[in-house]
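Note that UniProt numbering has the sequence shown beginning at 1, numbered continuously upward.
For each residue, glycine too, the CB sits at the ideal point set by N, CA and C.
Treat the numbers as computed from the prediction; the structure is a model and nothing was measured.
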Amino acid sequence: MEQDKQVNIIHHWRILSNVMRRMNTFKMIRLRGKQSNTAKYYFDCHIYYHDGRGSSTIFRCKEKNCSGSVARVYVEHFNNLDHPEVVYEHNHDKDDNVLLKEDFKEELEMLARTTFDDFRDIFDTVRRKEQYAPIRVEVKYSTYQSRMRTERLNNVPPVPQTLAGLANVLADYPPVRNYYRGCARGTYGSIGLVFIHDSMLEPLSRCRQLYADGTFKIRPRKPHCAQVFIVHFRKMNTRFPAIYVLASSRTTAMYNAIWDKVFETVPNLRRNILSVMGDFERSHINSGREKFPTATISGCEFHYKQALAKSWNENIPMEFEYILERAYAVAHLPPDKVGEGFMHITSLVDNVANGNGVNPAILQKLQDFAAYLRRYWLPLAEVLSVFQKPVRSNNTCDNFHLYAAKKMGIRSNVYRMLDGMGAQMNKTAANIEWLNEVL
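Dropping the structure here:
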């Protein structure tokens with residue numbers, strides 16, 4: 001409390017100082033730059049940056065269209081800013097509200113730093129103040145949003161070493177109060193932090209299809225996290241990301257604990273779900289079968305083809321790629337015919353073996369590929385088959401991972417990642433609201 005009081009005193013002293021500085025516009029005024037160790041300068045309704053090349057006493061206008069030799073200010077000594085001399089005139093108009101905008105920005109940064117209020121609420125509250133009436137029309141939220149976020153992230157609690165420690169911090173961390181649902185605890189110390197936005201609770205309680213996939217790119221640097229598990233639901237042929245989980249492992253027990261926590265938050269979800277699609281991770285499939293006993297557990301055709309392409313040795317000649325193409329087509333058979341499809345692949349390899357002039361090393365690779373199909377994919381026939389299924393791919397989840405990496409960062413600070421997650425959840429909520437209005 002004493003520290004907040006001191007911060008407010010310093011902040012109001014800065015504003016008062018700027019007001020006093022306006023009384024003498026013939027002096028160049030030093031202002032704080034974007035970084036704590038940088039500065040910018042005000043003179044005659046313009047902002048300048050110091051030209052730091054050598055011992056230069058030249059200051060250049062910050063506007064890009066005043067670059068080069070245009071709009072320079074010269075002072076005899078860098079430490080004496082009382083007598084600046086304009087060398088070239090500006091090619092744009094003066095801004096009489098430059099210092100007022102600086103005051104506005106400093107107040108936004110101070111509130112972002114010392115409170116956990118929503119950025120938009122902070123901006124609207126400050127803009128409505130009478131003292132900022134002259135610039136009320138000019139200032140835009142998008143201009144200051146990034147700076148407010150940076151100020152807040154520079155004043156967050158220390159990053160814990162473990163997900164359990166992060167769970168303790170988030171329990172009393174106001175920015176996530178609308179979407180942090182607590183932690184799911186599995187066996188052997190596994191833990192997952194579950195995030196579901198308030199606005200997603202009602203749509204999830206009525207959805208019929210889920211699409212789940214994990215990503216590694218947006219994991220925070222610290223604490224350790226095995227994956228970010230994201231679950232989408234489908235509405236009007238559009239998928240919406242609704243559930244985010246920072247998971248410490250990828251075991252069946254971990255997935256079971258995650259679903260139990262989700263069911264605790266959205267009780268109707270278990271009995272309403274008709275299908276769950278994901279990749280072919282065994283632990284996720286086993287958990288899905290256990291937690292959604294009446295739902296269809298299906299895999300992604302694209303992931304199936306991708307796995308086969310990786311298993312297919314690149315040294316196998318092009319003339320045998322028809323075998324790989326036939327293996328791709330097996331996914332379109334009914335589940336009870338998948339075994340016959342793989343036997344057909346085996347017969348094709350046998351026909352190659354019965355021919356003449358085939359390199360023994362190539363033949364061995366083809367036989368290994370056929371054995372791989374029977375060993376790994378035949379037990380997953382029901383999950384593998386996309387026969388008569390309206391949705392055959394989980395690529396929307398993969399596409400979202402690329403977008404999320406831009407929004408939340410790649411291996412970024414955990415608080416920055418959570419801030420980006422919250423922004424994405426708000427955007428998803430707005431899209432859902434818009435969709436409900438047009439229907």
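Alpha carbon to alpha carbon, how far is residue j from residue i? Give it in angstroms, no decimals.
{"i": "Cys183", "j": "Ala167", "result": "7 Å"}
{"i": "Tyr173", "j": "Ala327", "result": "51 Å"}
{"i": "Ala171", "j": "Tyr304", "result": "40 Å"}
{"i": "Trp434", "j": "Thr428", "result": "10 Å"}
{"i": "Glu437", "j": "Pro203", "result": "14 Å"}
{"i": "residue 448", "j": "Met28", "result": "Past the boundaries of the shown model lies residue 448; the chain is included only from 1 to 439, so the question cannot be answered."}
{"i": "Asn169", "j": "Asn237", "result": "The question names Asn, but residue 169 in the sequence shown is Val. C-alpha separation (whole angstroms): 38 Å."}
{"i": "Pro293", "j": "Leu274", "result": "10 Å"}
{"i": "His338", "j": "Pro220", "result": "Rather than His, the amino acid found at residue 338 in this sequence is Val. Answer to the nearest angstrom: the Cα atoms are 40 Å apart."}
{"i": "Gly214", "j": "Thr251", "result": "13 Å"}
{"i": "Asn286", "j": "Tyr376", "result": "15 Å"}
{"i": "Asn426", "j": "Tyr180", "result": "13 Å"}
{"i": "Val156", "j": "Ser385", "result": "48 Å"}
{"i": "Ile196", "j": "Glu130", "result": "39 Å"}
{"i": "Cys225", "j": "Glu264", "result": "23 Å"}
{"i": "Gly299", "j": "Leu366", "result": "25 Å"}
{"i": "Ala353", "j": "Asp398", "result": "39 Å"}
{"i": "Ala309", "j": "Pro158", "result": "44 Å"}
{"i": "Gln161", "j": "Phe233", "result": "32 Å"}
{"i": "residue 457", "j": "Phe43", "result": "Any answer about residue 457 is impossible in this case: the structure gives the chain only from 1 up to 439."}
{"i": "Trp13", "j": "Glu106", "result": "With a pLDDT of 45 at Trp13, under the threshold of 50, the predicted position of this residue should be treated as unreliable, though the coordinate-derived value follows. Going by the C-alpha atoms only, they are around 11 Å apart."}
{"i": "Cys207", "j": "Val262", "result": "14 Å"}
{"i": "Met254", "j": "Arg271", "result": "21 Å"}
{"i": "Tyr141", "j": "Leu99", "result": "18 Å"}
{"i": "Ile47", "j": "Ser146", "result": "21 Å"}
According to DSSP, what are the bridge partners of residue i?
{"i": "Cys61", "result": "Tyr48"}
{"i": "Pro241", "result": "His232"}
{"i": "Phe43", "result": "His46"}
{"i": "Asp213", "result": "Ile230"}
{"i": "Thr296", "result": "Ser275"}
{"i": "Arg32", "result": "Ala39"}
{"i": "Tyr180", "result": "Phe195"}
{"i": "Ala247", "result": "Gly192, Gln227"}
{"i": "Arg185", "result": "Ile191"}
Looking only at its chain, what residues have a beta carbon closer than 8 Å to the beta carbon of residue i, apart from the 5 residues adjacent to it on each side?
{"i": "Asn24", "result": "Its pLDDT being 44, under 50, Asn24 is placed unreliably in this model, and the coordinates cannot settle the point."}
{"i": "Ile362", "result": "Asn315, Ile316, Pro317, Phe320"}
{"i": "Glu267", "result": "The question names Glu, but residue 267 in the sequence shown is Pro. Once the five neighbours on either side are set aside, the close Cβ partners of Pro267 are Ser205."}
{"i": "Ala307", "result": "Phe280"}
{"i": "Ile9", "result": "With a pLDDT of 48 at Ile9, under the threshold of 50, the modelled position of this residue cannot be trusted; read the value that follows with caution. Closer than 8 Å at the Cβ level, and outside the excluded window around Ile9, lies no residue."}
{"i": "Asn97", "result": "Pro134, Ile135, Glu138"}
{"i": "Asn154", "result": "Arg113"}
{"i": "Leu201", "result": "Thr265, Val266"}
What residues in its chain sit with their C-beta under 7 Å from that of residue i, if we drop five residues either side in the sequence?
{"i": "Ala112", "result": "Phe119, Ile122, Met148, Glu151, Arg152"}
{"i": "Glu290", "result": "Asn256"}
{"i": "Ala370", "result": "Ile345, Thr346, Val349"}
{"i": "Ala295", "result": "Ile273, Leu274, Ser275, Val276"}
{"i": "Ser311", "result": "Phe369, Tyr372"}
{"i": "Arg136", "result": "Arg127"}
{"i": "Arg392", "result": "Glu301, Val386"}
If distances are taken between C-alpha atoms only, which option among the options comes closest to residue i?
{"i": "Ile432", "options": "Lys235, Thr57, Asp124", "result": "Lys235"}
{"i": "Asp419", "options": "Pro134, Val137, Pro175", "result": "Pro175"}
{"i": "Gly52", "options": "Val386, Asp44, Glu63, Lys40", "result": "Lys40"}
{"i": "Asp260", "options": "Lys217, Gly192, Leu333", "result": "Gly192"}
{"i": "Pro379", "options": "Asn394, Ser393, Glu340", "result": "Glu340"}
{"i": "Met110", "options": "Val126, Tyr49, Lys62", "result": "Val126"}
{"i": "Gly186", "options": "Leu201, Ala164, His332", "result": "Ala164"}
{"i": "Arg239", "options": "Asn154, Ser146, Asn394, Pro134", "result": "Asn394"}
{"i": "Leu333", "options": "Gly299, Arg282, Phe387, Cys300", "result": "Phe387"}
{"i": "Pro246", "options": "Gln227, His232, Val231", "result": "Strictly speaking, residue 246 in this sequence is Leu, with Pro absent from that position. Comparing Cα-Cα distances from Leu246 to each of Gln227, His232, Val231, the minimum goes to Gln227."}
{"i": "Val194", "options": "Ala253, Ala242, Cys207, Pro160", "result": "Ala242"}
{"i": "Pro390", "options": "Gln209, Gly189, Met200", "result": "Gln209"}
{"i": "Ser190", "options": "Ser412, Phe229, Ser249", "result": "Ser249"}
{"i": "Asn258", "options": "Gly278, Phe229, Arg282", "result": "The sequence given here places Ile at residue 258; Asn does not occur at that position. The residue with the shortest Cα to Cα distance from Ile258 is Phe229."}
{"i": "Val231", "options": "Leu99, Phe400, Ser412, Asn37", "result": "Phe400"}
Report, in whole angstroms, the separation of the C-beta atoms of residue i and residue j, which I expect to be a contact under 8 Å.
{"i": "Tyr211", "j": "Met421", "result": "That pair is no contact at about 18 Å."}
{"i": "Asn330", "j": "Phe342", "result": "Residue 330 is actually Val in this sequence, not Asn. Between Phe342 and Val330 the Cβ distance is about 6 Å, and since that is below 8 Å, they are a contact."}
{"i": "Ala404", "j": "Pro335", "result": "Between Pro335 and Ala404 the Cβ distance is about 33 Å, and since that is not below 8 Å, they are no contact."}
{"i": "Ile410", "j": "Lys222", "result": "The pair is not a contact, with the Cβ atoms about 14 Å apart (cut-off 8 Å)."}
{"i": "Lys62", "j": "Tyr49", "result": "6 Å"}
{"i": "Val383", "j": "Ile297", "result": "6 Å"}
Whose C-beta lies closer than 6 Å to the C-beta of residue i among residues of the same chain, with five residues either side of it excluded?
{"i": "Tyr144", "result": "Leu108"}
{"i": "Arg21", "result": "Reliability of the predicted coordinates at Arg21 is poor, the pLDDT of 45 falling under 50, and the value obtained from them is presented with this limitation in mind. Only Ile29 meet the Cβ criterion."}
{"i": "Gln424", "result": "Lys407"}
{"i": "Gly132", "result": "First, the amino acid is wrong: residue 132 is Tyr here, not Gly. Here the set comprises Phe104."}
{"i": "Gln3", "result": "Residue placement at Gln3 cannot be trusted, given a pLDDT of 48 that sits under 50; what the coordinates show is reported in the next sentence. Cβ neighbours of Gln3 beyond the five flanking positions: none."}
{"i": "Asp198", "result": "Asn178"}
{"i": "Asn351", "result": "none"}
{"i": "Phe116", "result": "Pro174, Pro175"}
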